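Heads up: the structure comes next, in structure tokens.
Numbering (the working numbering), first residue to last: 681 to 752.
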């Protein structure tokens with residue numbers, strides 16, 4: 681059994697500093713690295729907040745996500 685989370689349903693993300701609201705449809709997951717440094721490829725998440733600020737984070741820094749419906 682797995683807990684499959686539809687990234688299109690993520691409404692907010694919990695980081696160590698608290699909950700961050702996700703603007704509709706802006707959350708996605710992919711390779712995370714700093715350009716032009718490169719190296720150390722991690723999986724990361726990026727999303728736009730309601731304020732217009734973009735947040736990028738290693739996926740391992742996400743403590744929880746809030747969804748608009750149960751995972752499926």
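Cβ atoms here follow ideal geometry from the backbone N, Cα and C, with glycine treated the same way. Quantities reported herein were computed from a predicted structural model and do not represent experimental measurements.
Restricted to the region 683–749, the beta strand (DSSP E) segments that are unbroken, complete and at least 3 residues in length are 690–695, 698–701, 708–712, 722–728, 734–738, 744–747, listed in chain order. Sixteen is the threshold: when 16 or more other Cβ atoms of the shown chains lie within 10 Å of the Cβ of residue 702, as they do, the residue is buried.
Cβ atoms of residue 747 and residue 690 come within 8 Å of each other, at about 6 Å. Within the same chain, Cβ atoms closer than 8 Å to the Cβ of residue 683 are found at 751, the five residues on either side in sequence being excluded.
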